[in-house]
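Enquirer: Residue numbers (my numbering), protein chains in the order written: chain A, 545 to 750; chain B, 14 to 261.
Cβ atoms here follow ideal geometry from the backbone N, Cα and C, with glycine treated the same way.
Just so it is clear, the structure is predicted and the values come from calculations on it, not from any experiment.
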Amino acid sequence: MLHLTPTLKETPSQTAGPYVHIGMTPNFVEITGVFDKDTGSTMLTPDTEGERIEIVGRVIDGSGAPVADAVVEIWQASADGSFLAPTGPSSNSTPAFTGWGRQPVNGEGIFTFETIKPGAVPGPDGKPMAPHVLLWIVARGINIGLQTRLYFGDEQEANASDYVLNRIPDPRRRETLIARKEEGAVPRYLLDIHLQGDRETVFFDV
Amino acid sequence: MTGIILPGSDGALYPRDRAWHPPANTPGYKSTTFRTPKHALLSIGATASELTGPTFGHSSLGPLDNDLIRNYSQDGTEAIGQRLIVYGQVLDENARAVPNTLVEFWQANAGGRYRHKKEAYLAPLDPNFGGCGRAITDENGFYHFRTVKPGAYPWPNNGNDWRPAHIHFSIFGHAFAQRLITQMYFEGDPMIWQCPIVASVPDKAGIDQLTAKLDRHNTTPMDALAYRFDIVLRGRRSTMFENKLEGN
Chain A
545 MLHLTPTLKE
555 TPSQTAGPYV
565 HIGMTPNFVE
575 ITGVFDKDTG
585 STMLTPDTEG
595 ERIEIVGRVI
605 DGSGAPVADA
615 VVEIWQASAD
625 GSFLAPTGPS
635 SNSTPAFTGW
645 GRQPVNGEGI
655 FTFETIKPGA
665 VPGPDGKPMA
675 PHVLLWIVAR
685 GINIGLQTRL
695 YFGDEQEANA
705 SDYVLNRIPD
715 PRRRETLIAR
725 KEEGAVPRYL
735 LDIHLQGDRE
745 TVFFDV
Chain B
14 MTGIILPGSD
24 GALYPRDRAW
34 HPPANTPGYK
44 STTFRTPKHA
54 LLSIGATASE
64 LTGPTFGHSS
74 LGPLDNDLIR
84 NYSQDGTEAI
94 GQRLIVYGQV
104 LDENARAVPN
114 TLVEFWQANA
124 GGRYRHKKEA
134 YLAPLDPNFG
144 GCGRAITDEN
154 GFYHFRTVKP
164 GAYPWPNNGN
174 DWRPAHIHFS
184 IFGHAFAQRL
194 ITQMYFEGDP
204 MIWQCPIVAS
214 VPDKAGIDQL
224 TAKLDRHNTT
234 PMDALAYRFD
244 IVLRGRRSTM
254 FENKLEGN
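1) Return the chain-ordered list of same chain residues with a C-beta closer than 6 Å to the C-beta of proline 167 of chain B, the five sequence neighbours on each side being excluded.
2) Per DSSP, which residues does lysine 553 of chain A bridge with? Please list them.
3) Of all the CB atoms in chain B, is at least one closer than 7 Å to the CB of serine 607 of chain A?
4) Helix, strand or coil for histidine 187 of chain B, going by three-state DSSP, please let me know.
5) With H, G and I counted as helix, E and B as strand and the rest as coil, what does DSSP make of phenylalanine 572 of chain A?
6) Check whether the stretch 78-92 of chain B touches the stretch 217-233 of chain B, taking contact to mean three or more Cβ pairs, one atom from each stretch, closer than 8 Å.
7) Determine contact between the stretch 736-749 of chain A and the stretch 713-726 of chain A, defined as no fewer than three beta-carbon pairs at a distance below 8 Å.
8) Would you give the residue range spanned by the alpha helix (DSSP H) that aspartate 221 of chain B belongs to?
9) Going by the beta-carbon positions, is the gap between glycine 645 of chain A and isoleucine 618 of chain A smaller than 7 Å?
10) Quick check on histidine 129 of chain B - is its C-beta less than 7 Å from some C-beta in chain A?
11) Take alanine 237 of chain B and list the residues in its own chain whose beta-carbon comes closer than 7 Å to its own, dropping the five residues that flank it on each side.
12) At the 7 Å Cβ level, is phenylalanine 627 of chain A part of the contact set with chain B, yes or no?
13) Closer than 6 Å by C-beta to aspartate 78 of chain B: which residues in its own chain qualify, once you throw out the five before and the five after it? Chain order, please.
14) Return the chain-ordered ranges of every beta strand (DSSP E) run that is complete within the stretch 601-679 of chain A and spans a minimum of 3 residues.
15) Leaving out the 5 sequence neighbours to the left and right, which residues in its chain are closer than 6 Å to threonine 195 of chain B when beta-carbon positions are compared?
16) What residue from B:Ala190, B:Gln207, B:Gln191 has the CA that sits closest to tyrosine 198 of chain B's CA?
17) Check for me: the alpha helix (DSSP H) holding glutamine 120 of chain B runs from which residue to which?
18) Return yes when the Cβ of threonine 659 of chain A is within less than 7 Å of the Cβ of methionine 587 of chain A, no when it is not.
19) What is the rounded straight-line gap between the Cα of glycine 66 of chain B and the Cα of glycine 186 of chain B?
20) In this structure, what does DSSP give as the bridge partners for leucine 739 of chain A?
21) Would you check if the distance between the CB atom of lysine 752 of chain A and the CB atom of glycine 697 of chain A is smaller than 7 Å?
22) What does a CB cutoff of less than 6 Å around isoleucine 205 of chain B pick up in its chain, not counting 5 residues either side in sequence?
23) Out of B:Val111, B:Phe189, B:Arg128, B:Gly172, which has the shortest C-alpha to C-alpha gap to proline 209 of chain B?
24) In chain A, which residues lie less than 7 Å from tyrosine 27 of chain B when you measure between Cβ atoms?
25) Kindly indicate which residue of B:Pro50, B:Ala121, B:Ser73, B:Ala61 has the alpha-carbon position closest to the one of alanine 165 of chain B.
26) Here's the rule I'm using: 16 or more other beta-carbon atoms within 10 Å means buried, otherwise exposed. How should aspartate 613 of chain A be labelled?
27) Is there at least one Cβ from chain A nearer than 7 Å to tyrosine 100 of chain B's Cβ?
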């Protein structure tokens, strides 16, 4: 099959700046009345199938300080391992699960997503990847959005054979992507994102 | 109708040309110092997770979402400043239009001040200007919005740095790996060339790509100037949205 050759250059990235919340989560910074609610603030509906969980993390810079002005987005499969989306330009449908969420961090650099545990998605080798969530982090001082993944600490067997985790040469660095489970009425998965330093998170060029 | 995007579909993205983008660490822009990963990014190639992405219906937009002159009005009057239409086409690297994708934008007011509690600049707040809006591209990839021209403003990066007039943009595309945040500058602005954030872009042609062009033909007479700002997202060898998933 003949492939097209790129003819244009991608628009260069620029930092989201310190006031990314104005554009992405305006209600969070008290710019109210423009959007009825912040885009991506809710991922679930009563019809969403799957195990309810929370994903909680902190974004921490190289000096150990919380990054208090970040926005984090996640993208994940449904409980059955598929990616669902409402289709068509005039669609009024609301999917039972959006798969996508956006949250600002608070003053301590902490973000929280209410979502479901995703199912396994087939990897490029045809074998299932371990359940995972993509994360994308933007903030002042980040010139191009950082892409990483969250894996689940209670999926040790699946994680051990995961396509992506196994491409991280240093096993200690794999641990930077694995969230620790905290039991509760709604289980929480905790993962800190270190932008640099001894525990620097693995970030991907995808 | 809900479509299931099947993992393993074709449509691998072209690799991102990192030399074209600002490197993570640009010491002239001091905030990058502690926010730059020191390890090389790990190249894994996009999997089904990165090749899919969220979609947004036109029904999720309000009627004034793309009118920053009126969408935050507190008393029925309009935002103060030089009135603008900003428009453009979202394309991919193969120059194919990217339809039905969410474009978000935010900016300072005409005086160069953001509506944010941490904003410290002396310029006045405009009570009728919030500074945010959004649009979804049409079937040919076009978006447009009305706003006022943002002012330049000082920031404490090197004691006396100034940001040129600019508008922030966030664009989704059809794959999560196409996700992009950038900034639009204005043709002919001498402030562009002294800005450390602009200077983080390695190639002058890249800076030119971030500079919207005055379009006298699309002005609204006796009302608003027009600027055109096209946006290019990563291209893929075969587009997911041509795979009949949308019933077209």
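Expert: In brief:
1) Excluding its 5 nearest sequence neighbours in each direction, proline 167 of chain B has C-beta neighbours in its own chain below 6 Å: Trp175, listed in chain order.
2) Looking at the DSSP assignment, lysine 553 of chain A forms no beta bridge with any residue, so it has no partner.
3) Using a Cβ-Cβ cut-off of 7 Å, serine 607 of chain A counts as an interface residue toward chain B, since at least one Cβ of chain B sits closer than that to its own.
4) Here histidine 187 of chain B carries a coil assignment [DSSP, helix/strand/coil].
5) In the structure shown, phenylalanine 572 of chain A sits in a helix (DSSP, three-state: H, G or I).
6) No, the stretch 78-92 of chain B is not in contact with the stretch 217-233 of chain B.
7) With the cut-off at 8 Å, the stretch 736-749 of chain A and the stretch 713-726 of chain A touch.
8) Note, aspartate 221 of chain B: alpha helix (DSSP H), 217-222.
9) Contact annotation: glycine 645 of chain A and isoleucine 618 of chain A have beta-carbon atoms nearer than 7 Å.
10) It does: the Cβ of histidine 129 of chain B has a partner Cβ on chain A nearer than 7 Å.
11) Cβ within range, chain order: Arg96, Leu97, Ile98, Arg159.
12) Yes, phenylalanine 627 of chain A counts as interfacial toward chain B.
13) The residues are Gly146, Arg147.
14) Complete beta strand (DSSP E) runs here, min 3: 615-620, 627-630, 644-648, 654-660.
15) If you ignore the 5 residues before and after threonine 195 of chain B, its C-beta comes within less than 6 Å of the C-beta of Phe182, all in its own chain and listed in chain order.
16) Ranked by Cα distance from tyrosine 198 of chain B, the first of B:Ala190, B:Gln207, B:Gln191 is B:Gln207.
17) Run containing glutamine 120 of chain B: none; DSSP gives neither H nor E here.
18) For methionine 587 of chain A and threonine 659 of chain A, yes; Cβs fall inside 7 Å.
19) Computed Cα separation, rounded: 8 Å.
20) Residue pairing by DSSP leaves leucine 739 of chain A without any beta bridge partner.
21) With chain A covering 545 to 750 only, the question about residue 752 of chain A has no answer from this structure.
22) Excluding positions up to five away in sequence, the list reads Pro177, Tyr198, Val211.
23) Nearest to proline 209 of chain B by C-alpha distance, out of B:Val111, B:Phe189, B:Arg128, B:Gly172, is B:Gly172.
24) Per Cβ cutoff of 7 Å: Pro550.
25) Alanine 165 of chain B has its Cα closest to that of B:Ala121, out of B:Pro50, B:Ala121, B:Ser73, B:Ala61.
26) Answer is buried; the Cβ neighbour count reaches 16.
27) Answer no: the Cβ-Cβ gap between tyrosine 100 of chain B and chain A never drops below 7 Å.
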